[in-house]
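Here's the structure we're looking at; comments come further down.
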Amino acid sequence: MKRPNAIRIVAALALAAAARAGAQPSTSAPTPGTGPVAPPVSSLPSQVVVDILGTKGARIPLAIPVTIAALTPELQKGAVDPFFTTLNDDLSGSRIFLVTDPALYPRGLRPPRTREEGDQWKASSAQYLLDTRLAAEPAGPGCETPPCVAVEAQLWDLGTLQPILGRKYTGEMRAARRIAHTLANDLTRQFTGKPGPFLTKIAFVSDRDEPRVKEIYTMDFDGESQRRITFSHTLSLAPDWSPDGKRIAYQSYEKDSPGVFLIGRDGSDKKRIPLPTQLNASPSFSPDGKTIAFCGSVKGNPEIYTVQTDGSGLKRLTENVAIDSTPRWSPNGRELAFTSNRQGTPQIYMMDLEGANVRRVTLAGNWNDEAAFSPDGGRIAFACRNEGDFQICVMDLGSGRTLQISEGPGAHENPTWSPDGSKVAWEVTRGSSTQIAVANSDGSNMRIVTSAGNNFSPAWIKTLE
Amino acid sequence: MKKFLKTGTLAAASVFLVLACSPKPKPEPPPPPAPTPTPTVVTLEPTPAPTPRPTPRTQEEDIKAMSLDRVSSYLKPAFFDLDKSDLRADARDVLAANATWLKAHPSVAFTIEGHCDERGTAQYNLALGDRRANAAKEYLVSLGIDAGRIKTISYGKERPFATGHDEESWAKNRRAHFVVTAK
Chain W
1 MKRPNAIRIV
11 AALALAAAAR
21 AGAQPSTSAP
31 TPGTGPVAPP
41 VSSLPSQVVV
51 DILGTKGARI
61 PLAIPVTIAA
71 LTPELQKGAV
81 DPFFTTLNDD
91 LSGSRIFLVT
101 DPALYPRGLR
111 PPRTREEGDQ
121 WKASSAQYLL
131 DTRLAAEPAG
141 PGCETPPCVA
151 VEAQLWDLGT
161 LQPILGRKYT
171 GEMRAARRIA
181 HTLANDLTRQ
191 FTGKPGPFLT
201 KIAFVSDRDE
211 PRVKEIYTMD
221 FDGESQRRIT
231 FSHTLSLAPD
241 WSPDGKRIAY
251 QSYEKDSPGV
261 FLIGRDGSDK
271 KRIPLPTQLN
281 ASPSFSPDGK
291 TIAFCGSVKG
301 NPEIYTVQTD
311 GSGLKRLTEN
321 VAIDSTPRWS
331 PNGRELAFTS
341 NRQGTPQIYM
351 MDLEGANVRR
361 VTLAGNWNDE
371 AAFSPDGGRI
381 AFACRNEGDF
391 QICVMDLGSG
401 RTLQISEGPG
411 AHENPTWSPD
421 GSKVAWEVTR
431 GSSTQIAVAN
441 SDGSNMRIVT
451 SAGNNFSPAW
461 IKTLE
Chain Y
466 MKKFLKTGTL
476 AAASVFLVLA
486 CSPKPKPEPP
496 PPPAPTPTPT
506 VVTLEPTPAP
516 TPRPTPRTQE
526 EDIKAMSLDR
536 VSSYLKPAFF
546 DLDKSDLRAD
556 ARDVLAANAT
566 WLKAHPSVAF
576 TIEGHCDERG
586 TAQYNLALGD
596 RRANAAKEYL
606 VSLGIDAGRI
616 KTISYGKERP
626 FATGHDEESW
636 AKNRRAHFVV
646 TAK
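If you read the protein sequences in the order shown, they are chains W and Y.
Heads up: the first sequence begins at 1 in our numbering, then just goes up one per residue.
Heads up: the second sequence begins at 466 in our numbering, then just goes up one per residue.
Structural data, given as structure tokens:
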């Protein structure tokens, strides 16, 4: 399904002024810009210009006609449908590409060989053509378990009529989606210099298995391949990936005493971190993978602690009678964001690894919580609320400019960034149902990717795989 | 008030009393008394002591026979305001009553669970629940209950008691909840 192609433009000056005046987070004009944002600077000029990956605001118009393949039911259903649907979803959901309307595509003309043929493709406003063909293949290198397929992809520049990217992918038929994701990544790398998020995973929490029980799951970022990781038969909550993507930290209530656990991404090698504290919620991995920050409690006063993954070196960072919770490590490895109600209402603060240099980050609204850093450290996404339900806001840490990226009814909480910074996932609760949403980092193209039971607390892997 | 003696009675189970009134001056001599038969004196069974009114608390032996769930029901929850862990007056009253019961049943060990309503975030609510459970614990300790009998745990908003999306349900979920673990 293609969405209407709306290009949103940010009035940077007006919004910066509004944010400084303490206005409510805006419900219009979300921030575009997936590419690297300038690192936070202590004093910035009053105007912040956001650059989408160097292409200055324009998306790349791309025509993607249906994959050519033999019309056998096995091939169409087993390979072409999953491949092409996935490819189309990945590219049309991306803010780098603008997939043009297939109703305007010419018949045939693949590839276009003359200026006239090229112009017929350009009638859909496309500047590029992605031509794909899929065929059954015998087993061999690249595919050991038949049935096997090969996909040939060619990207044509419709201006010069030159091929600019050619690929052949071979794999098992049941890996058709993975091939599509790989192609989408390759296309993204062609135009931006780095792959897209299309092969990444999200860990999350689900209550679908037993009453009163929540377990940790993983899935592809688009909701495919959901797989149960923990079998705790109690509450297992708040997953966070290690930076190398091999392990997941989480909180679990095994033996009725909540603790911080580490587990392999396939569910193997579960370990509990020995801790003298209670509560033991919200684990967050440091960027070097050696230290875990968490919310611990001694005598009923929740504070932020850090500890090494083997349980040594426990250190208390906050010292405050207020609630200090939900620590999140900055990608620079030198600071933590956390939530505290020390000034009356829950707000987001930052501090260094000694617990010093505490400064308040969120200034507007009466509840700001669950800060998640963008991978380049320049922005935080967080749950924001003034009245009514939580929404997802994104703040540029340099300028303080804050925009709301979620919309629609429900409580939106627990945001997490894709490792390339182009997308954000979060949980949305409507009535009694909570599901995981994935959208671009400006909030566009939001999709619900779970449906079994209730699903919470998404944590995006930190590697681009 | 005078009760008259029944003469010739075989059903002699009644006790009769002759009570003297305040003397009044009488103008004429009393009539000669009728011949009084020998009163039948019957020794009565001692009247059984009246059944005591059932006390609102059980005896120590009784709770041994009950399930932990049933015993837990004697300890009432304390409720809190939104985003607060300080004890309201009604909460202190409930906890004081719980303390009285706990002193009468010194073998009981228990866990205080801290709970929150659904409107906060999950992670913050785990911390808030922890504070609620410990606020209740500290108050009980200040009333003389041994801290060694008390464990605390927070469930945040993970285990609500009321599942509606209105203030009535939310108020029920903002609580310190008692669960007996040993009796």
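Glycine included, each C-beta is placed from N, C-alpha and C at the ideal position.
Note that the structure is a prediction, hence the values are computed from the model and not measured.
Looking only at W:Pro327, W:Glu354 and W:Asn366, the smallest Cα-Cα distance to Gln343 of chain W is reached by W:Asn366. Within the same chain, Cβ atoms closer than 7 Å to the Cβ of Gly142 of chain W are found at Thr170 and Gly171, the five residues on either side in sequence being excluded. Rounded to whole angstroms, the gap between the alpha carbons of Pro274 of chain W and Val307 of chain W is 10 Å. The residues Leu540, in chain order, have a CB closer than 6 Å to that of Asn563 of chain Y in the same chain once the five nearest residues on each side in sequence are set aside. Assigned with DSSP and collapsed to three states, Met446 of chain W falls in coil, not helix or strand. Per DSSP, His181 of chain W has no beta-bridge partner at all. The residues Ser282, Cys295, Phe338, Thr339, Asp369 and Glu370, in chain order, have a CB closer than 7 Å to that of Thr326 of chain W in the same chain once the five nearest residues on each side in sequence are set aside. In the structure shown, the three-state DSSP call for Ser92 of chain W is helix. With respect to Val573 of chain Y, Ala647 of chain Y sits close: the two C-beta atoms are nearer than 8 Å. Distances from the CA of Tyr128 of chain W to each of W:Phe261, W:Pro147, W:Ala135 and W:Leu161 were compared; the closest alpha carbon is that of W:Leu161. Separation of Ser532 of chain Y and Ala383 of chain W (C-alpha to C-alpha, rounded to the nearest whole angstrom) is 43 Å. Within the segment 601-638 of chain Y, complete beta strand (DSSP E) segments of at least 3 residues are found at 615-621, given in chain order. If you draw a straight line from the Cα of Thr86 of chain W to the Cα of Arg177 of chain W, it comes to about 6 Å. Within the same chain, Cys581 come within 6 Å of Leu593 of chain Y by CB-CB distance, once the 5 residues on both sides are set aside. DSSP places Lys194 of chain W outside both helix and strand once states are collapsed to three, so it counts as coil.
DSSP, read as helix, strand or coil, puts Ser268 of chain W in coil. In the displayed model, Val644 of chain Y falls within a strand according to three-state DSSP. At least one C-beta of chain Y is nearer than 8 Å to the C-beta of Leu235 of chain W. Taking C-alpha positions only, Ala153 of chain W is separated from Ser406 of chain W by approximately 35 Å. For Glu465 of chain W, the CB contacts under 8 Å within the same chain, skipping 5 residues up- and downstream, are Leu199, Thr200, Lys201 and Gly245 in chain order.
At a cut-off of 8 Å, the C-beta of Ala592 of chain Y has a neighbouring C-beta in chain W.
With respect to the 8 Å criterion, Leu91 of chain W and Val80 of chain W are not classified as neighbours on the basis of their beta carbons. Taking C-beta atoms as the reference points, Leu165 of chain W and Leu187 of chain W count as a pair closer than 8 Å.
The alpha-carbon separation between Val260 of chain W and Gln251 of chain W amounts to approximately 5 Å. A straight-line Cα-Cα distance of about 19 Å links Lys255 of chain W and Asp207 of chain W. Contact between the segment 547-564 of chain Y and the segment 598-610 of chain Y is present, with at least three C-beta pairs closer than 8 Å. Checking the DSSP bridge columns, you'll see Trp241 of chain W partnered with W:Ile248.
Counting only Cβ-Cβ distances below 8 Å, Glu254 of chain W has no contacts in chain Y at all, with the closest Cβ about 12 Å away.
Residue environment for Pro276 of chain W: exposed (fewer than 16 other C-beta atoms within 10 angstroms of its C-beta).
If you look at Thr586 of chain Y, you'll find it isn't in any beta strand (DSSP E); DSSP assigns it neither H nor E.
Interface criterion not met: the Cβ of Asp534 of chain Y is under 8 Å from no Cβ in chain W.
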